[in-house]
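Heads up: the sequence shown begins at 7 in our numbering, then just goes up one per residue. Even glycine gets a Cβ: it sits at the ideal position worked out from N, Cα and C. To keep things clear, I will list the structure first and then write my remarks on it.
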Amino acid sequence: MKLIELLQKYEFEEVMDSIIQMFPGTRKYRAPLKQAYLTLLETDPILSDNTIHYQVMIDEESEESTMGAVDADFEGTWAECLGKDVLKDDDVELTDVEVAANCLVNLCFISQYPPKFENAHQLLLK
């Protein structure tokens, strides 16, 4: 499934609820995250064979495991990322809405956002 399709499956409130559960204290960022979500939904994706791959990752030093996608999967513009396939390994215990929420946050901080999101991005950095 393309990232744009994953985001379109959910209302913003569902995605925001998952963000709040995964990242405590993020309720105060609701407005800029909503702006990001709405901007993404109105952005035309650039279809790609590239992927955003959710997997279990093990830190070699601490041997702790986390579930997520590597930052490099979110490189590029929002339009480019929206056209990527989102893959999730079988051992990743994240729901689709949790993956959508994680993607939204990663897009805001890693990907090249459009100029009209600059003011909202600055609010996320406070």
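Using the rule of at least 16 other Cβ atoms within 10 Å of the residue's Cβ for burial, across every protein chain shown, is residue i buried or exposed?
i   : result
P38 : buried
S68 : exposed
A42 : buried
V62 : exposed
Who are residue i's beta bridge partners in DSSP?
i    : result
M73  : V62
D91  : K8, T57
Q118 : T83
Taking 8 Å as the cut-off, decide whether the C-beta atoms of residue i and residue j are in contact.
i    : j    : result
L130 : Y16  : no
L47  : V105 : no
G82  : Q128 : no
K132 : T45  : no
I58  : F29  : no
G74  : N108 : yes
E20  : V103 : yes
Leaving out five residues before and five after residue i in sequence, what residues of the same chain have Cβ atoms less than 7 Å from its Cβ?
i   : result
P51 : K8, I10, A85, L88, G89
N56 : K90
Please go through the same chain and pick out, in chain order, the residues whose beta-carbon is closer than 6 Å to the beta-carbon of residue i, but skip the five residues on each side of it.
i   : result
S54 : G89, K90
I64 : S71
Ordered along the chain, which non-local residues of its own chain (more than five positions away) have a Cβ less than 8 Å from that of residue i?
i   : result
D77 : N112, I116
K40 : F18, M22
Examine chain C for any beta-carbon lying closer than 8 Å to the beta-carbon of residue i, and answer yes or no.
i   : result
Y16 : This model lacks chain C altogether; it includes just one protein chain.
Notebook entry, point to check: Would you call the segment 112-124 and the segment 92-101 touching, i.e. three or more CB-CB distances under 8 Å?
Noted result: no
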